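For reference, the structure discussed in these notes is given below.
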Amino acid sequence: MVQVNNQQLKIRVKFKKVGRLQYISHLDLVRTMNKIIVRAGLPLWYTEGFNPKPKMVFAAPLSIGTESKTEYMDIRLSEYIEPEVVKSKLNENMTDEMQVLDAYYPETKFTDLKWLSYTFVIKTEGADALLVERCGAALAEEELWVLKSTKSGEAMVDIRPLVRSAVCVLDGDLLRINAHLSADPSSFLNPEYIIKLLRGKCGILSNGDLTSEWYSIMRERAYLDDMTEFR
Amino acid sequence: MKENNFSSVLKSVQKPGRYIGGEYNSVMKDKRDVKCRFAFAFPDTYEIGMSNLGVRILYDVINKDKDVWCERVYAPWTDMKEKMEQYSVPLTAVESGDPLSAFDMVAFSLQYELCYTTVLSMIKLAGFPIWARERGEECPIIIGGGPCVYNAEPVAEFFDLINIGEGEEVLLEICRLYIKMKEEGRYSRTDFLREASHIEGVYIPSLYDVSYNEDGTIKEYRSLYDDVPAKIRKRIIADMDKAPYPEKLVMPYIETVHDRIVLEVYRGCIRGCRFCQAGMVYRPIREKSPETLCKQARCLFDNTGYDEISLISLSISDYSELPKLTDDLLSWTDDAHVSLSLPSLRIDSFSEELMQKVSSVRTGGITFAPEAGTQRLRDVINKNVTEEDLMRSVGIAFRGGKSNVKLYFMNGLPTETLEDIEGIAALSKKVIDEYFLLPKQQRPRGIGVTISVACFVPKPFTPFQWEKQDSFDTLLEKQAHLKSCITDKRIRYTYHDAKVSLIEAVLARGDRRLAPAIAYAVEVGATFDAWDEYFDYDRWISSFEKAGVDPAFYTTRGFGLDEILPWDIIDIGVTKAFLRRERDKAYEGKTTPSCAEHCSGCGANKLGGKNRWCK
Ligand code: SF4
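Keeping their order, the protein sequence lines are chains A and B. Going by my numbering, the first residue of the first sequence is number 1, and it counts up by one from there. Going by my numbering, the first residue of the second sequence is number 1001, and it counts up by one from there.
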């Protein structure tokens, strides 16, 4: 029998959640993932006690309306299974819009994840070079005050420290923004705040016609504090 | 309903996950490869529709035919409906995202009468005329099916075709006929419907003419052609062990009402509660073998990953092999972290052993349905349970740690007196007393009894189908009286809105003259009437008035024993003579034994079907 240490029972799963699945909440994702793992026949390790729960932990939950190419989930198994097998078994039980990209033994903690990069694609009335410039300038200001929901209700918060960088470009009639935003659990920044900020300051996405204006947000990559890639 | 230009709308509505599709196990086909596109429409929200067993079964059955692609459609919630109307987005199917106009057939599942307005608003949202007679060749064939069709007369003229009875075989036969006529180049809407009327279990409302007497009662139902059957006999599946059952379930991403494996254990019911429509229209009882059920359960678990299996039937403890079934299931479910649930327990067969097996009664609560407060009235309705049964059952429940007991009753049952109503309060009090009879260390903490009292609706195809419904005022008086009888703070009393029950009775017992009223109601905005927040009594009453319908004609009047009833053109197997006998026995206070004890010759045996009781 192969000797297995506890470390090898804990597996990190990196997956994407794109397309229509952006409309699935984090809570529903957790329920769904649980069933996927059971279908895949992976022996999840259950907590002891009256109401045993499988061990599944997620990093930086996504909110509805954001797609992602870089989601992380740690699971604990009760028997040894090679990460590659975990990956292929999970993928067989998922649809195209959610697929495992990688499975491995984690060497970092989720709390090490500090920054996430996002791409925003915005279809708004009046998208031209001038608007791009105004948006760029708005995001470059010294202070970025937005009404943010916090533990103690809504409050005006300066999110400048949570926005590491933000670059705007014009791509045909679309506005494109690449940004690095805080992923730290204590100061996580929902990317929707960038939209909110620009809506308020530059008047994007406000013609009132929901079928002519739209935006999409894609979470691209994850980083450690020194901006090397989180794994 | 896909692509970027709809994303802003999706972001602006509640629970956008309702509208996206893309679920694991949903069936995708290439539309160029199929000969018939079938949309299964559920006139309620995604969460409710996805939980419906009938839809799950039929979706699977139809998709097994490679020439047919069955997709699902749900009613958009009012916030989404508003947006769709604002931006002229038609109703679409979940799988392909195509509008319903791209389909050959659209079948609605009619689960409760109050969904009728939702059906019509969906037909409108799809861009079709609501009246069958106004639809042209380009419009899909609109089908109705489900429990309400045993009297579909109030909505009959909105449907091109109605499926009476179990749909597994009929729907495919309908699709095959459609494909065949198209291939042979002899399809037209009228020719197809005429030919479909020859299929057993198919009712084509437009092929019948109804006339009325001066007093408003029905004079005659006449089929327009000799080849169209005078009466439509319901279809049943003969052998439940051989009936197709899904091996996979479409896995919703968002939480649905019954988010679990549902195992249909048998169809029909051996009891004969005299108010219960399901108990009559699903006869004869046909069981599945424990072997079949275990195989289905295991397969569904492997393909879904659900952590709960619910055993479904009208009265699960009547299943003749329940101990074997639960033992076999428990041999693997515990290890797989799967729990069993039994939603329909009878008081007279509840046992300690059963309760222990059903570990999933996690909530600390348990529900029983004595239905009436006195033995006299329970005999009238043929409920066949006693006060001792109830006390024994709640005793077991208390000792097993359940501290919340929920009891279902009905107000307005035939022959009900104030004494019967007082009996409800007294019985509930006795349940509390039973708790205190237990030694202190055996009592779970925090006793609570909830009584939920519905208003009786005399349903078609029951021994009470001729009965009158209590007037609105009488029902209110009875509700108030019961309230005054309940003095114990530990008893929580909830009751149904009598206004809802009144409208339900009109829609359940109505005839074709109601259709304009339903159409009016929809015109002035009615939809989702099954939801308290959208039910509007005054709108119904004014719609009835506009259509010249007197609701009392269908409720407090009662139907004459010799009257032609709107549902007389349907043959459910059970005879009118049997229902009449049962009605007479009710008035004599005599009970009827269950089918397991004695066959009472209800007539359902003529439908055939593999079962152990029918003589
Ligand atoms: S024929 Fe007899 S056994 Fe069969 S359903 Fe009717 S009463 Fe019950």
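Note that CB positions come from ideal geometry on N, CA and C, so glycine has one too. This one's a predicted model, so the numbers in the text were calculated from it and none came from an experiment.
- Taken from the Cβ of I1285/B, at least one heavy atom of ligand 1 lies inside 7 Å.
- Nearest CB-CB separation between R160/A and chain B: not below the 8 Å threshold.
- D1497/B sits in coil when the DSSP states are folded into three classes, being neither helix nor strand.
- Taking 8 Å as the upper bound for CB-CB distance, A1132/B and E1157/B are in contact here, some 6 Å apart.
- Taking 7 Å as the cut-off, the C-beta of W45/A does not count as close to any heavy atom of ligand 1.
- The residue from K1590/B, A1596/B, E1588/B and D1571/B with its alpha-carbon nearest to that of G1603/B is D1571/B.
- If you draw a 10 Å sphere on the C-beta of Q1469/B, you find 16 or more other C-beta atoms in it, and that means buried.
- Contact check for I1141/B against V1170/B fails: the beta carbons are separated by 8 Å or more.
- According to DSSP, T1386/B shares a beta bridge with no other residue.
- In this structure, the straight-line span from the alpha carbon of G1017/B to that of W1069/B is close to 23 Å.
- Contact of P43/A with chain B is not assigned, every C-beta pair being separated by 8 Å or more.
- Judged by DSSP in its simplified three-state form, D226/A adopts coil rather than helix or strand.
- Ranked by Cα distance from Y1208/B, the first of L1172/B, I1421/B, D1067/B and K1231/B is K1231/B.
- The Cβ-Cβ distance between R1072/B and V1106/B does not fall below 8 Å.
- In chain order, S1007, L1010, K1011 and P1016 make up the part of chain B whose C-beta sits under 9 Å from the C-beta of G65/A.
- Per DSSP, the unbroken beta strand (DSSP E) holding S1339/B starts and ends at S1339 to S1341.
- With respect to L1193/B, I1204/B sits close: the two C-beta atoms are nearer than 8 Å.
- Closest option to I217/A, judged by alpha-carbon separation, among E92/A, A127/A, Y193/A and K10/A: Y193/A.
- In the structure shown, D1348/B adopts helical secondary structure according to DSSP, grouped into three states.
- Only residues of its own chain outside the window of five on either side were considered, and among them P1284, C1614 and K1615 have a CB closer than 7 Å to the CB of N1605/B, listed in chain order.
- DSSP places I37/A in the uninterrupted alpha helix (DSSP H) bounded by H26 to R39.
- For D28/A, the neighbours in chain B by C-beta distance under 8 Å run, in chain order, G1017, Y1253, I1254 and E1255.
- With distances taken between CA atoms, Y1150/B lies nearest to K1234/B out of K1234/B, K1219/B and G1127/B.
- Residue environment: Q7/A is assigned as exposed (fewer than 16 neighbouring CB atoms within 10 Å of its CB, all protein chains considered).
- With its beta carbon at least 8 Å from every one in chain B, K114/A lies outside the interface.
- Going by DSSP, V1453/B is part of the beta strand (DSSP E) stretching over G1448 to C1455.
- Non-local beta-carbon contacts of E79/A in its own chain, meaning distances under 6 Å to residues more than five positions away in sequence, involve P43 in chain order.
- The three-state secondary structure of L1579/B, taken from DSSP, is helix.
- Taking the Cβ of A1577/B as the reference point, every heavy atom of ligand 1 lies at 7 Å or farther away.
- Proximity of H1258/B to chain A, defined by a Cβ-Cβ separation below 8 Å, is not satisfied.
- Chain A has a Cβ within less than 8 Å of the Cβ of K1083/B.
- Using a Cβ distance threshold of 8 Å, T124/A and I204/A count as a contacting pair.
- The beta strand (DSSP E) runs lying completely inside the segment 1157-1202 of chain B and spanning 3 residues or more are 1161-1163, given in chain order.
- Judged by DSSP in its simplified three-state form, N1063/B adopts helix.
- Restricting attention to L1607/B, P1593/B, G1609/B and A1586/B, the CA atom closest to the CA of F1275/B is found in A1586/B.
- Think of a sphere of 9 Å around the beta carbon of T1450/B: no beta carbon from chain A falls inside it, the nearest being about 24 Å out.
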